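Chemist: Shown below is the structure under consideration.
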RNA sequence: GCCCAUGUGGCGGAAUUGGUAGACGCAGCAGACUCAAAAUCUGCCAUUCGCAAGGGUGUGAAGGUUCGAUUCCUUUCGUGGGCACCA
């Protein structure tokens, strides 16, 4: 719309009821839609017709232009819009003498009788029209103040209350009450309708606002409101609320909506929050947009001219006006090509499809090929990927599915969000306005600033003051207030980040223990989904396990100890129990319990002094994904000449695990009292007899007959007395 | 404020569909081997009463369902993460 050269306020992609309109002139009630080729389709034409009628009924005039008109006859298009806007303006000026309607959006229609004022966003279209002459000066002053504030300030200073009265009053449609209309920056133009009904007894922000500007408060929830703060409950019974009196608030919501709809003064609506895509980056690395700018309009390159490839650049510095590096390329600029590039997730949202068919020069991926490979089995990522990459990847996939290019509409079969390894931060406390630092235990006696200190200068919580002083020139002259001769730091678990000086480098550990130990220790720390602070305490245990494994193959003094003997039943039982456990733990991403199962297995084999190749080689294959280096090494020591990666995975045999008897736990009234070894084939009557004859059970029965005996085969026995 | 996790020994954490709470590891204690150390091995290790045998209490807190609850239900408190002047 030519950068508002039309002299009218235009909104792009504005939502009206359930439609997204390409361009909307809300003041003039004129909407512009631009139709592409697919609007020539009969079915689509009918749909468009319905949409046009519906919007006309709401009082809007809808004008349609074809894509072709926009591209080739833009001057005519603009002229036409101008003419219509002019005629509309005249019409509206007459109507403006009449009263206005303010639409508000609320999730709590049950509180309609507690409304004490209305607040519009400062940017709201009606502000100018409804402001009374008496208030115009203050309103303009307030608007100037709001404009001077950056978004950042508005978000940061949440506690600060500001606003201005317009002088106008609105009528509550239910009880005719006159309620003052204010404007305030805490109401956002972009959310809902940009106007709220304020209920001070139920909403804390509204309450603070009312208190600050001394607006009288109506109480509709009786004792639930104590006059000192709002109570956002839904559990109170309404009073002072006309037809809602006596209703529980959460039930009243439905009643109120129905009443509002039957009176035709509003409607039920789900409000969606739009997430801003921000789909461009001012940098070099990223797919270039196939977009050319002409007279301020973005034009897509012809399909035949694709792909558009990144040009070679000498430098990656920004362009003359702060644009991306592509702005430095003559040929790029002369074509008026877009200089921003796409963000990382543009490509990462669909590259798995291209990987299926990477050499295809006709299409990104033959449908036959993607049908064969199907969805990605598992997606593992952190939560930040869940909102970024994952969101877009799902959208890409759904679009490609709708267009018929692929046969599935979700990219990933399974999603695992791994937890974060957090940092354990350390803090020092500087007495305000000085270069004096006070130890943690004494800091409450002073007015201090809390500062992050590099964790490498801290042993436990004791600060190495010399290292700290050398850290930055500012601290060279620092003095310290110690407790018991030590400077103690504060601790907090946070995201690991350079800015928090709590990062640790795994290189040192890898150097000391090897990559296998490090890898297994990370797995052993706990469930993969859980976040936890990094702590190397316990890495020794994993390292000892690998050494113990090594000793099953080699003796420190004698060298090779593994042999070709046949395995015993006991050894086979250990092996197959491990195969079963590792298989299921691996599939469930339960890596910490898998590592534990390996430890149990190696402990038991050591106890049996088992050095048999037939057992050990299977164990190595299981271990390979967990400790790849040592597994490969030992595999070759066993005489294999090919990689362990090519070995067949061991097959679990249930027959090795069959037991004939079990040591049953015996409870009296649910409390464990003893264990009795019994055959696994024993039935209820047989078990009852054995249990009742048991000395310890008899002691607890004290001569009484049991009320009931619960027997779960293969599990336990409970005697109820 | 909203959403999602989560709470079990000194510590990290185990515990199939409700069925022996504390597997495995760390730290700790005692011992073996050694001139000594490292490495390795053995035993103990929730808490409380008890010489012992054996009891009591225990999975953030309070209730409930059940023969039986870390597991299910209700309420509540704490912690971590994500989003947020979002009505």
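Numbering (this note's numbering), first residue to last: 49 to 769.
Backbone N, C-alpha and C fix where the C-beta goes; we use that ideal spot for every residue, glycine too.
Being a predicted model, the structure only gives us computed values, none of them experimental.
1) In chain order, what residues of the same chain lie with their CB nearer than 6 Å to the CB of residue 334, ignoring the 5 residues before and after it?
2) On the CB-based measure, 16 or more other CB atoms within 10 Å of its CB, does residue 659 come out buried or exposed?
3) Compare the Cα-Cα distances from residue 719 to each of 769, 728 and 149 and report the closest residue.
4) Can you check which of these residues, 163, 537, 595 and 228, is closest to residue 178 by C-alpha distance?
5) So if DSSP puts residue 62 in a beta bridge, which residue, or which two residues, is it bridged to?
6) Got a sec, what are the start and stop residues for the beta strand (DSSP E) residue 727 sits in?
7) Following the continuous alpha helix (DSSP H) through residue 189, name the residue where it begins and the one where it ends.
8) Identify, in the order they occur along the chain, each residue of the same chain with its Cβ nearer than 8 Å to the Cβ of residue 587, setting aside the five sequence neighbours on each side.
9) Alpha carbons only, please: which of 551, 651, 585 and 645 is nearest the one belonging to residue 596?
10) Go ahead and label residue 146 buried or exposed: buried means 16 or more other beta carbons lie within 10 angstroms of its beta carbon, across all protein chains shown.
11) Which residue or residues does DSSP assign as beta-bridge partners of residue 471?
12) So, helix, strand or coil for residue 144, using DSSP?
13) My output table needs one value for residue 646: the three-state DSSP class, helix, strand or coil.
14) Check for me: the beta strand (DSSP E) holding residue 566 runs from which residue to which?
15) Taking one C-beta from the stretch 150 to 163 and one from the stretch 280 to 298 each time, how about it: are there three or more such pairs within less than 8 Å?
16) Let's see if you can read the secondary structure: which residues bound the alpha helix (DSSP H) around residue 707?
17) Enumerate in chain order the residues of its own chain whose CB-to-CB distance from residue 369 is below 8 Å, with the five nearest sequence positions on each side excluded.
18) Determine the direct distance from the alpha carbon of residue 529 to that of residue 484, and round the result to whole angstroms.
19) Using the Cβ count rule (16 or more neighbours within 10 Å means buried), how would you classify residue 233?
20) With a threshold of 16 other CB atoms inside 10 Å of the CB of residue 451, please say whether the residue is buried or exposed.
21) In chain order, what residues of the same chain lie with their CB nearer than 6 Å to the CB of residue 506, ignoring the 5 residues before and after it?
22) Assuming residue 13 and residue 340 are in contact, meaning their beta carbons sit under 8 Å apart, how far apart are those beta carbons, in whole angstroms?
23) To the nearest angstrom, report how far apart residue 604 and residue 598 are at their CA atoms.
24) Between residue 393 and residue 327, what straight-line distance do the alpha-carbon atoms span, to the nearest angstrom?
25) Looking at the structure shown, is residue 712 part of a helix, part of a strand, or coil, going by DSSP?
26) Which residue marks the beginning of the alpha helix (DSSP H) containing residue 306, and which one marks its end?
27) Would you kindly work out how many angstroms separate the C-alpha atoms of residue 467 and residue 637, rounded to a whole number?
28) Between which two residues does the alpha helix (DSSP H) containing residue 379 stretch?
29) Run through the DSSP bridge pairs and tell me what residue 219 is partnered with.
30) Here's the rule: buried if 16 or more other CB atoms are within 10 angstroms of the residue's CB, otherwise exposed. What is residue 443?
31) On the CB-based measure, 16 or more other CB atoms within 10 Å of its CB, does residue 297 come out buried or exposed?
32) How is residue 626 classed by DSSP in three states: helix, strand or coil?
Modeler: In this structure, then:
1) As a working note, residue 334 is residue 286 in the first chain. Around residue 334: 389 and 390.
2) Along the first chain, one-based indexing puts residue 659 at 611. The residue is buried, with at least 16 neighbouring Cβ atoms inside 10 Å.
3) Counted from its first residue, the first chain places residue 719 at position 671. Nearest C-alpha to residue 719: 769.
4) Mapped onto the first chain, residue 178 falls at position 130. Comparing Cα-Cα distances from residue 178 to each of 163, 537, 595 and 228, the minimum goes to 228.
5) Taking the first chain and counting its residues from 1, the one referred to as residue 62 is at position 14. Looking at the DSSP assignment, residue 62 forms a beta bridge with 69.
6) Locating residue 727 in the first chain gives position 679, where the first residue counts as 1. Residues 719 to 727.
7) Counted from its first residue, the first chain places residue 189 at position 141. Taken as a continuous stretch (DSSP letters only), the alpha helix (DSSP H) holding residue 189 covers 181 to 196.
8) In the first chain, residue 587 corresponds to position 539, counting from 1. For residue 587, where only same-chain residues beyond five positions count, the Cβ hits under 8 Å are 557, 561, 565, 566 and 569.
9) Numbered from 1 along the first chain, position 548 holds the residue referred to as residue 596. Comparing Cα positions, the closest option is 651.
10) On the first chain, position 98 is the one that residue 146 refers to. Bear in mind that a pLDDT of 48 at residue 146, under 50, signals an unreliable position, so the number given afterwards is only what the model happens to contain. Label assigned to residue 146: exposed.
11) Taking the first residue of the first chain as 1, we reach residue 471 at position 423. Partner(s): 542.
12) Position 96 of the first chain, counted from the start, is the residue given in the question as residue 144. Residue placement at residue 144 cannot be trusted, given a pLDDT of 43 that sits under 50; what the coordinates show is reported in the next sentence. Residue state, collapsed to three classes: coil.
13) In the first chain, counting from the first residue as 1, residue 646 sits at position 598. Note: residue 646 maps to helix in three-state DSSP.
14) As a working note, residue 566 is residue 518 in the first chain. Where residue 566 is concerned, there is no enclosing beta strand (DSSP E), although the alpha helix (DSSP H) it sits in stretches over 563 to 572.
15) yes
16) For this step, residue 707 is matched to residue 659 along the first chain. Segment: none, residue 707 is in no alpha helix (DSSP H) and carries neither H nor E.
17) Looking up residue 369 in the first chain gives position 321. Excluding residues within five positions, the ones whose Cβ falls inside 8 Å are 375.
18) Indexing the first chain from 1 puts residue 484 at position 436. Indexing the first chain from 1 puts residue 529 at position 481. Cα-Cα distance, rounded: 7 Å.
19) As a first step, residue 233 is located in the first chain; it is residue number 185 there, counting from the start. Residue 233 is buried by the Cβ-count criterion.
20) To locate residue 451, count along the first chain from 1; it is residue 403. It counts as exposed.
21) Here residue 506 corresponds to residue number 458 of the first chain, with the count starting at 1. If we look at residue 506 and ignore the five residues flanking it on each side, its Cβ neighbours are 474 and 537.
22) The structure shown does not extend to residue 13, since the chain is modelled only from 49 through 769, so no value can be given for it.
23) The count along the first chain starts at 1 and reaches residue 604 at position 556. The count along the first chain starts at 1 and reaches residue 598 at position 550. Each residue's Cα considered, the two are about 9 Å apart.
24) Numbered from 1 along the first chain, position 345 holds the residue referred to as residue 393. Numbered from 1 along the first chain, position 279 holds the residue referred to as residue 327. Straight-line Cα distance between these residues: approximately 9 Å.
25) What you label residue 712 is simply residue 664 of the first chain in a count that begins at 1. Correct three-state label for residue 712: strand.
26) Residue mapping note: residue 306 aligns to position 258 of the first chain, counting from 1. Element bounds for residue 306: 297 to 310.
27) Residue 467 sits at position 419 when you count from the first residue of the first chain. Residue 637 sits at position 589 when you count from the first residue of the first chain. Answer to the nearest angstrom: the Cα atoms are 12 Å apart.
28) Start at 1 with the first residue of the first chain, and residue 379 comes out as number 331. First-last of the alpha helix (DSSP H) with residue 379: 378 to 382.
29) By one-based count along the first chain, residue 219 stands at place 171. Answer by DSSP bridge pairing, in chain order: 226.
30) The residue labelled residue 443 in the question sits at position 395 within the first chain. When all chains shown are included, residue 443 counts as exposed.
31) Counting from 1 along the first chain, the entry for residue 297 is found at position 249. Answer is buried; the Cβ neighbour count reaches 16.
32) In the first chain, residue 626 corresponds to position 578, counting from 1. The answer is helix: DSSP assigns residue 626 an H, G or I state.
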